[in-house]
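S.K.:
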Ligand code: SF4
Ligand code: SF4
Ligand code: FES
């Protein structure tokens, strides 16, 4: 979440899940919450039903929460900066921004105000398709409310402008005084259970655990000492989306992939497959023989989450326990044991005998985790970082007394259209996402009988009018093509998608939708543009 | 937390001779509990607002002839309440008798056996199967009907019509996917069909199954469960999304046989979604990898030993590092693995491989 990190100095949810339903206004965008985070959606519904909270949904799809929403702004995919700037324009124009807050806690307001000057509701309507009167109404609701919380997910970040989308959202939250207080904030809802933890613990090319830059001499010194080694590089590494072309260019020769299935999950998946076939040496560690594992030179069987001890950190920065309920199935081993063994065989002196010992090393190297230990989690049920010392209660919401980087940075951001828009040859806009009953590339959920009954195969959602234009009936098979590849898929006709837009998920290997998507990258976060690419359909 | 600061009025009442002071708006049941007096309940569930259907919680109020249900009646100033009397005992006993006259007392094969509120009440009120023969009720025959979702099965014979399932679905979903239909012995729980596209509103969350006291709603594809006393419950964090719900893996003989939750525990407070509740059978899937695999001369993956596989892995990574430099190696860690594993993984890549080429799929 590079956008949030640049603005606030941290990329996590600023507030807690429990707080969401206590907001006066909830703005939610880029996430079908009912499908992806049902527990959060239930809280939102309760709040709306109690009549204490107003709900604004901004989404091109008629997602389930639209039924509860007071306002539904249906933007054209890829136009997020425009509508957010439009909201700010109307808020500032009507003098509804929080001037005290801005003066005390933010910098860059004048530049921001100058930038959004031209985003009149009418101008924004032209770009986004959102009627000017709806945009005005929503802006006034946010401007007048005491507490607004902003929720978003990958629908916002998976664009070439993803970082800017997030920064824009942060702008809007700050100028309305909605950061650093209870039941407000900028809150990314994360799709995978431990994305937060993976980031916190340094599974990122530019930072050590605790977001300490690898280029910072102090951090380098600390890790050299704790790990008792001289061989740490201060040169930032490359991201996953750079690794794949790196293989083609002969720069990456050997790769270790643990518990991921990029052949299905990566944009432009056919490139990934080609590259991984070509690489000198590939090791994949997983619980199933995933599409990626099938390409490996060595496959290592790992234990599932039911078979190991450890911790996960959820979206709201809460560190919670994972507890082994059964022995590792078959001849598998917990991932940490396998990693440690490889390290030892390569000559390193790493000797942990339990995950708790690893956690205790994390406490020494990662300041925000320093006050957390297994005993406390056992007693308190879960602790939210930052928790700098053992007496610290943990932090339900961030930035209460100011931003980590000093003042909150307001950044003027101009709207840029998506890299690839529909045209004569590829007239439809494909967007991708998740669905309620499956998880990521489906390696786990598709093997659960109950869940696969509910949604057994892939489908392409298409609006009835478009279906008529292309002569399609429910269940027809089509060839869906983009400039990068094509797949066969069945169509599902539904009004949940707007005209000109088609939708599918990436859970199914028989319809690997990421063969079509665009690997043009956001220049900062290096997130591929999954959400938007131009396609055409043809009946077969 | 910042809640309304209006101080609520206090109410004084007498329960079984004890004076109790509670905030205005409390129920008689809450007041009794505060005074340490137990009133039996059945349809009431800690996660739900009172339903008032079963009438097991009846109490007597001075000046009111009819016994009143304690779970859904608010206290009033000066109220005098009696929770124990022969009349109340008999009334409660009748309520349970009526339920048991319909509900098959077939406890031996029931997975609830030993952890069942109805069984406990039958025991407390000293009821045996012979006690309700006097009613000579013919057991109603219910033809099988689909429930609101194919992954749940509903057994009308077992259902005691407490209404918890309907309540939980309404309170959680806003619009209920199920409702009670028919009356008397023919009453049953029925899916509500949504108007549009004729699909049910049900999201297959399984909350109705969670709150059902009697095993009337069960996982269609669930295998045999263990008896409560042979089931180990291990509290852990859900493996699916970033909400991090707390749940119990139910373990029998070293196999995960189901998932339950604890009321009020975790961000989810005992609730779960379909993935969390039903997404566990992959653990014992036939497809689980159980041995390391290595690519042979014909280019096929074949089984090998851990020692051989790991020695080969270490040797190859060392060779590549030596021949092409540290930065020719890269690692992809996982948002599905634990914090400890992510930490150790990046330590392997940074310290042992000697490169910062480490990432995971968070960008996705
Ligand atoms: S599974 Fe959930 S949505 Fe469906 S009927 Fe039960 S409680 Fe309602
Ligand atoms: S199915 Fe269970 S929860 Fe629902 S009314 Fe019957 S006994 Fe009660
Ligand atoms: S518990 Fe009060 S009516 Fe059922």
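Residue numbers (my numbering), protein chains in the order written: chain A, 13 to 552; chain B, 69 to 432. Backbone N, C-alpha and C define an ideal beta-carbon position, used for all residues, glycine too. For clarity, every value in this text was computed on a predicted model and none was experimentally measured.
1) In angstroms, rounded to a whole number, what distance separates the CA positions of residue 341(B) and residue 383(B)?
2) Which word fits residue 491(A), buried or exposed, when buried means at least 16 other C-beta atoms lie within 10 angstroms of its C-beta?
3) List the endpoints of the continuous alpha helix (DSSP H) containing residue 377(A).
4) What does residue 348(A) reach in chain B if we use C-beta pairs closer than 7 Å?
5) Suppose you measure from the CA of residue 102(B) to the CA of residue 95(B); what does that come to, to the nearest Å?
6) Measure the beta-carbon distance from residue 194(A) to residue 149(A) and round it to whole angstroms, keeping in mind my assumption that it falls under 8 Å.
7) Run the proximity test for residue 186(B): is its beta-carbon closer than 8 Å to any non-hydrogen atom belonging to ligand 3?
8) May I have the straight-line CA-CA distance separating residue 228(B) from residue 171(B), to the nearest angstrom?
9) Identify whether residue 342(B) lies in helix, strand or coil by the three-state DSSP scheme.
10) Taking only runs that begin and end inside the segment 326-401 of chain A, name each unbroken beta strand (DSSP E) of 3 or more residues, in chain order.
11) Expressed to the nearest angstrom, what Euclidean distance is found between the alpha-carbon atoms of residue 240(A) and residue 422(B)?
12) Only counting the same chain, and skipping five residues up and downstream in sequence, which positions put a Cβ closer than 7 Å to that of residue 231(A)?
13) Does at least one heavy atom of ligand 2 sit under 8 Å from the Cβ of residue 338(B)?
14) Tell me whether residue 259(B), by its Cβ, gets closer than 8 Å to a heavy atom of ligand 1.
15) I'd like to know whether the C-beta of residue 415(B) is nearer than 9 Å to at least one C-beta of chain A.
16) Output, in sequence order along the chain, the residues in the segment 336-362 of chain A whose CB is closer than 9 Å to any CB in chain B.
17) Anything in chain A within Cβ reach of residue 117(B), meaning under 9 Å, just list it in chain order.
18) Can you give the Cα-Cα distance for residue 247(A) and residue 180(A), rounded to whole angstroms?
19) So, are the CB atoms of residue 428(B) and residue 410(B) less than 9 Å apart?
20) Closer than 8 Å to a non-hydrogen atom of ligand 3 - does that hold for the CB of residue 403(A)?
21) Report yes if the CB atom of residue 417(B) is closer than 9 Å to the CB atom of residue 399(B), and no otherwise.
22) Can you look up residue 94(A) in the DSSP assignment and give me helix, strand or coil?
23) Does chain A have any CB closer than 9 Å to the CB of residue 259(B)?
24) Could you please give the first and the last residue of the uninterrupted alpha helix (DSSP H) stretch that includes residue 7(A)?
25) Tell me whether residue 365(B) is buried or exposed, calling it buried when 16 or more other Cβ atoms sit within 10 Å of its Cβ.
26) Expressed to the nearest angstrom, what Euclidean distance is found between the alpha-carbon atoms of residue 452(A) and residue 151(B)?
27) Would you verify that the beta carbon of residue 120(B) is, or is not, closer than 9 Å to some beta carbon of chain A?
28) Could you list the residues in the segment 350-367 of chain B with a C-beta less than 8 Å from some C-beta on chain A, going in chain order?
29) Please report the distance separating the alpha-carbon of residue 368(B) from that of residue 307(A).
30) Please determine whether the Cβ atom of residue 119(B) lies at a distance below 8 Å from any heavy atom of ligand 3.
31) Is it buried or exposed, residue 449(A), if we count other Cβ atoms within 10 angstroms and call 16 or more buried?
32) How about residue 296(B) and residue 120(B): do their beta carbons lie closer than 9 Å?
33) Whose C-beta lies closer than 6 Å to the C-beta of residue 107(B) among residues of the same chain, with five residues either side of it excluded?
34) What does DSSP give as the partner residues of residue 493(A) in its beta bridges?
35) What are the residues in the segment 312-327 of chain A lying within 9 Å of chain E by C-beta distance?
36) Quick one: which chain B residues come within Cβ less than 7 Å of residue 243(A)?
M.R.: Reading from the atomic positions:
1) 45 Å
2) exposed
3) 367-377
4) 408, 409, 412
5) 11 Å
6) Not quite, the Cβ-Cβ distance comes to about 26 Å (not below 8 Å), so this is no contact.
7) no
8) 7 Å
9) helix
10) 330-334
11) 13 Å
12) 220, 224, 225
13) no
14) yes
15) yes
16) 336, 337, 338, 339, 341, 342, 343, 344, 345, 346, 347, 348, 350, 351, 352, 353, 354, 355, 356, 357, 358, 359, 360, 362
17) Correct list: empty, because the minimum Cβ distance to chain A is about 12 Å.
18) 30 Å
19) yes
20) no
21) yes
22) helix
23) no
24) The structure shown does not extend to residue 7(A), since chain A spans only 13 to 552, so no value can be given for it.
25) exposed
26) Bear in mind that the predicted position of residue 452(A) carries a pLDDT of just 48, short of 50, making it unreliable; the figure below should be weighed with that in mind. Approximately 54 Å between the Cα atoms of the pair.
27) no
28) 350, 351, 352, 353, 355, 356, 357, 358, 359, 360, 361, 362, 363
29) 10 Å
30) yes
31) Residue confidence for residue 449(A) is low, a pLDDT of 47 falling below 50, so the modelled location carries little weight; the figure read from the coordinates is stated next. It is buried - the Cβ of residue 449(A) has at least 16 other Cβ atoms within 10 Å.
32) no
33) 97, 100, 125, 138, 151
34) 498(A), 548(A)
35) Among the protein chains of the structure shown, namely A and B, there is no chain E.
36) 419, 422
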